[in-house]
Amino acid sequence: MKRITAVFDGLDFARSTMDFAIGYCKKSDAHLVGIFPESFLYHEYDFAELLGKNGISAVKIRHAVAKEAEKRARSRKLFADGCKKAKISYSISHPEGITIDEVLKESTFADLILIAKGERFSTIGTQLPSTFTRQLLSDSRCPVLLLNERTESPSHVVLLYDGKPGSVYAIKLFFSLFDAEEDTSTEVLYVTSSDSKSEIPDFEKIKALVECHRPGAIYTCISGPEKQSAIDYVQGLGPGALTVAGAYGRGSTSRWFIPSIADGLITQCKCSLLVAHNR
118 MKRITAVFDG LDFARSTMDF AIGYCKKSDA HLVGIFPESF LYHEYDFAEL LGKNGISAVK
178 IRHAVAKEAE KRARSRKLFA DGCKKAKISY SISHPEGITI DEVLKESTFA DLILIAKGER
238 FSTIGTQLPS TFTRQLLSDS RCPVLLLNER TESPSHVVLL YDGKPGSVYA IKLFFSLFDA
298 EEDTSTEVLY VTSSDSKSEI PDFEKIKALV ECHRPGAIYT CISGPEKQSA IDYVQGLGPG
358 ALTVAGAYGR GSTSRWFIPS IADGLITQCK CSLLVAHNR
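For the sequence shown, our numbering assigns the number 118 to the initial residue and increments by one for each residue that follows.
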């Protein structure tokens, strides 16, 4: 049984993440952990609204805190009710420490993290990927699946391959986490900055690996600026696709998931994104 962790903002509950997580766990017979971080640093109320005639109003603070607590509790109940209805194994955690620290700790004991692409746990700024997402992708101890708002299984999977061990590791983790489905096609994508006659590196080896798990996969080699070409190609696939990428750890020199490509895949592409790196 796999242990899957879905991360939620209790103040802005992502129902689509819950629906995907429940569907995945029901199909895979996995245990689902719903983590609802409650950091004291993150609130939706504005402190300016808490000012009274004599400064910060204790009454207004109590009211605001109670209102948030009720909202977080409702989110947890929605999650619990969904899991019970689907009859899956589940548990709930709502740690009060620093949000990113708590989620990273959870990643140590999870097979997969599920989280909405737009999750930020902050009222400051709107740029994507958020600071929270960047740190999660960099430091997570398990694969992270950034979800769009679709709840169905992907219709097409793109495995980004650059000939390096990091990308192969991500591909193997994908195979271990997702069973083959008849209505889902698989494609291995290699981008080269040289001429169009370039060949996919170690083609026979990567094909042998992929064919063991996804017989009939197609193999695509495109030329152009490596970063933007990959982003443009994935962007054209639409929201029904899932992209699999190897990510950088600190100090890594991997070219596939340096920040500029991460930004593009998250902000320009509507598909979901599975990120995994060998720590």
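Yeah, the Cβ is synthetic: ideal placement off N, Cα and C, and Gly gets one too.
Span separating the alpha-carbon of residue i from that of residue j
i	j	result
residue 373	residue 123	Unreliable positioning characterises residue 373 in this predicted model, as indicated by a pLDDT of 45, which lies under 50. The coordinate reading is nonetheless provided below. Using only the alpha carbons, I get a separation of about 25 Å.
residue 390	residue 176	44 Å
residue 203	residue 264	20 Å
residue 294	residue 129	28 Å
residue 361	residue 180	45 Å
residue 221	residue 255	10 Å
Identity of the residue in the options nearest residue i by Cα
i	options	result
residue 237	142, 355, 291, 161	161
residue 289	156, 300, 276	276
residue 311	386, 342, 193	342
Assigned secondary structure, residue i (DSSP; H/G/I helix, E/B strand, else coil)
i	result
residue 140	helix
residue 395	coil
residue 208	strand
residue 331	coil
residue 404	Absent from the model: residue 404. The displayed extent of the chain is 118 to 396, so no value can be given.
residue 240	coil
residue 381	helix
residue 122	strand
residue 151	strand
Bridge partner(s) assigned by DSSP for residue i
i	result
residue 338	307
residue 363	393
beta-carbon residue i near the ligand NAD non-hydrogen atom, thresh 8 Å
i	result
residue 348	This structure lacks the ligand NAD, and indeed carries no ligand of any kind.
Same chain, Cβ closer than 6 Å to residue i, neighbours up to 5 away in sequence not counted
i	result
residue 309	315, 340
residue 133	266, 268
residue 393	260, 287, 290
residue 227	120, 122, 259
residue 369	Residue placement at residue 369 cannot be trusted, given a pLDDT of 42 that sits under 50; what the coordinates show is reported in the next sentence. Answer for residue 369: no residue qualifies.
Cβ neighbours of residue i in the same chain (closer than 7 Å, five flanking residues each side left out)
i	result
residue 240	161
Other residues of its chain near residue i: CB distance less than 8 Å, five sequence neighbours each side excluded
i	result
residue 225	258, 259
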